[in-house]
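Residues in the sequence shown are numbered from 1 upward in steps of one, following my numbering.
Heads up, the beta-carbon is just placed ideally off N, CA and C, and yes, glycines get one too.
Beneath this line is the structure, given in structure tokens, with notes to follow.
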Amino acid sequence: YYNDTVEKYNKLLCEWGGKVYAFVQDGDAAIMYYRKDIMNNPEYRKKFKAKYGYELPVPPDTWDQLIDVAEFFNGWDWDNDGEIENGISFHPWHEELCIITFTPLFMSLSNGKLLWDKDMHPQINNEYGLKTLEIMKKLYQYAPKGWLGYTWAESFRVVIEGGVALALNYGDIGKNLLNPGTFAGSGGPHLKEKFGYALWPATYHEGEPVRYDPVFFGRVIGIPRFTKHPEAAFAVLKEVSKPERKMLHLSNTQSGTDIFTKTALDLSKWTINIDPQFIKTYLSALDVGVPDIMIPASEQYYRAMGAEIQKYLGGEQDAKTTLTNIEDNWELITDQLGREKQKIAWDSYVEK
1 YYNDTVEKYN KLLCEWGGKV YAFVQDGDAA IMYYRKDIMN NPEYRKKFKA
51 KYGYELPVPP DTWDQLIDVA EFFNGWDWDN DGEIENGISF HPWHEELCII
101 TFTPLFMSLS NGKLLWDKDM HPQINNEYGL KTLEIMKKLY QYAPKGWLGY
151 TWAESFRVVI EGGVALALNY GDIGKNLLNP GTFAGSGGPH LKEKFGYALW
201 PATYHEGEPV RYDPVFFGRV IGIPRFTKHP EAAFAVLKEV SKPERKMLHL
251 SNTQSGTDIF TKTALDLSKW TINIDPQFIK TYLSALDVGV PDIMIPASEQ
301 YYRAMGAEIQ KYLGGEQDAK TTLTNIEDNW ELITDQLGRE KQKIAWDSYV
351 EK
């Protein structure tokens, strides 16, 4: 059963120091969704070129292009449904979730720079960190009003039900897009010709694209070493890890389980509508994926960053203050946890 899981998920989520500690139950990766029908509209393309001086890219390939396309499609009724649409949406930008956008964007801009150096000192308070925040704030302006309060399901629904032209978000959208009445909104097969899928935008360094996609928050199942009934626990783990059982979760439009098995590559195993191009793009994100930061108390770092970014997005402080506060808070967290211990964990994570 372990071998039915896509190998990169096993390595990222379940293995440490050459040992297997858990079984994957959900593979989370984020990609770009875009309304190819709207972006290929001849009238809109003509207006875009007149405004920005170049052909409307379908999909946007760079972060600068993404900003232009999001701005162009923000604040007007481009699908003629009588409602005003927005340019772009993302996964929710709650405190613990801002890092999911910040990290791949920062690494793209900086040509692969990591958040910390080998001694666990932050490496974000620089030109690349400032540019990252600048881009996040620009894109935030083209998102639906009140975005910082959106839930996961709402962030999926606004895409599926036609509220935005672009989205940087998780696989729940692609899995549910072609099906009615899901937990993430009501779509259907008619949307297949309207949507396209791509990796997140790149920054070009010496002519080469550098792009990263988030692979944060996949779920796993394991057996605690202090369990009183290890054999019973293993029986449960074995049952829920059967390929056919996992496909039941994947084919359930009320679940948040995303593609993580090799069995899912066989379209005949699905009982819901699924676009093979989505599956292909989704799994290709693993090749440029930035995984969950698996060091002790990682959530403390996430929340410390997110709280400051939210203040910045809300206009309470400037970008430099935001980065300085994150840096100071991260240093404090590391010292409180024990810098030497954190250095060892960070080094193991980087090597992994």
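Other residues of its chain near residue i: CB distance less than 8 angstroms, five sequence neighbours each side excluded
i	result
lysine 49	Glu55, Leu56
glycine 315	none
serine 255	Phe183, His249
threonine 324	Asn125
proline 365	Because residue 365 is not part of the residues shown, which for the chain are 1 to 352, the question remains open.
Inter-residue spacing [alpha-carbon to alpha-carbon] between residue i and residue j
i	j	result
aspartate 213	histidine 190	28 angstroms
lysine 36	aspartate 318	36 angstroms
tryptophan 200	phenylalanine 226	42 angstroms
arginine 45	proline 291	36 angstroms
leucine 381	threonine 271	Here the chain has residues from 1 to 352 only, and residue 381 is not among them.
glutamate 340	proline 296	12 angstroms
threonine 203	threonine 62	6 angstroms
arginine 219	methionine 247	15 angstroms
tyrosine 302	glutamate 43	43 angstroms
cysteine 14	arginine 245	19 angstroms
aspartate 347	glycine 82	54 angstroms
lysine 262	tyrosine 52	43 angstroms
lysine 192	proline 224	43 angstroms
leucine 168	glutamate 71	15 angstroms
aspartate 4	leucine 250	14 angstroms
glycine 387	glycine 181	As shown, the chain starts at 1 and ends at 352. That puts residue 387 outside it, with no answer to give.
aspartate 77	serine 241	46 angstroms
aspartate 64	glycine 207	15 angstroms
glutamine 310	glutamate 95	7 angstroms
isoleucine 67	glutamine 277	25 angstroms
threonine 253	phenylalanine 260	16 angstroms
histidine 205	alanine 232	53 angstroms
leucine 267	glutamate 7	19 angstroms
Close-in-space but distant-in-sequence residues of the same chain around residue i (CB under 7 angstroms, 5 per side omitted)
i	result
leucine 97	His91, Gly306
alanine 184	Ala153, Phe156, Arg157, Ile160, Asp172, Ile173, Asn176
leucine 337	Pro296, Ala297
glutamine 300	Ile333
glutamate 239	Arg245
glycine 112	Val210
threonine 132	Phe102, Leu105, Phe106, Leu109
aspartate 119	Lys343
Under 8 angstroms between C-beta atoms of residue i and residue j
i	j	result
phenylalanine 106	glycine 129	yes
glycine 27	tyrosine 1	no
isoleucine 38	alanine 165	yes
leucine 237	phenylalanine 73	no
threonine 257	isoleucine 31	no
asparagine 40	valine 20	no
serine 284	valine 210	no
isoleucine 326	alanine 345	no
leucine 114	valine 350	yes
threonine 322	glutamate 331	no
glutamine 25	isoleucine 279	no
aspartate 356	glycine 162	With the chain represented from 1 up to 352, any question about residue 356 goes unanswered, as that position is not in the structure.
tyrosine 33	phenylalanine 234	no
Other residues of its chain near residue i: CB distance less than 6 angstroms, five sequence neighbours each side excluded
i	result
tryptophan 147	none
asparagine 273	Leu178, Asn179, Pro189
lysine 269	Met247, Thr263
Option nearest residue i by Cα separation, candidates the options
i	options	result
threonine 88	Asp61, Gly75, Glu15	Sequence check: residue 88 is isoleucine here, not threonine. It is Gly75.
tyrosine 150	Trp93, Gln141, Met120, Asp258	Trp93
tryptophan 116	Ser108, Leu109, Thr103, Glu127	Thr103
methionine 294	Tyr142, Lys343, Gly162	Lys343
tyrosine 197	Glu331, Lys320, Lys19, Asp275	Asp275
valine 215	Thr322, Val288, Glu231	Val288
serine 110	Asp4, Glu7, Ile124, Gly315	Ile124
lysine 320	Tyr33, Gln277, Glu134, Leu283	Glu134
asparagine 138	Leu250, Asn329, Val69	It should be noted that the sequence gives lysine, not asparagine, for residue 138. Here the closest residue by C-alpha is Val69.
asparagine 86	Glu95, Pro144, Asp64, Glu327	Pro144
histidine 121	Glu208, Asp335, Tyr349, Glu7	Asp335
methionine 136	Thr101, Tyr170, Ile279	Thr101
phenylalanine 217	His205, Lys269, Phe234, Ile99	Ile99
proline 243	Lys228, His229, Pro230, Leu265	Leu265
leucine 286	Tyr140, Tyr170, Gln141	Tyr170
Beta bridge counterpart(s) of residue i as assigned by DSSP
i	result
asparagine 169	Ile31
isoleucine 88	Leu166
threonine 182	Gly185
isoleucine 221	Phe23
proline 214	Val290
histidine 205	Glu208
glycine 196	Tyr34
proline 122	Trp116
CB contact check: residue i to chain B, cutoff 8 angstroms
i	result
leucine 250	Note that chain B does not occur in the displayed structure, where there is just one protein chain.
Any non-hydrogen atom of the ligand SAH closer than 7 angstroms to residue i Cβ
i	result
isoleucine 326	Absent from the structure shown: the ligand SAH. Ligands present: none.
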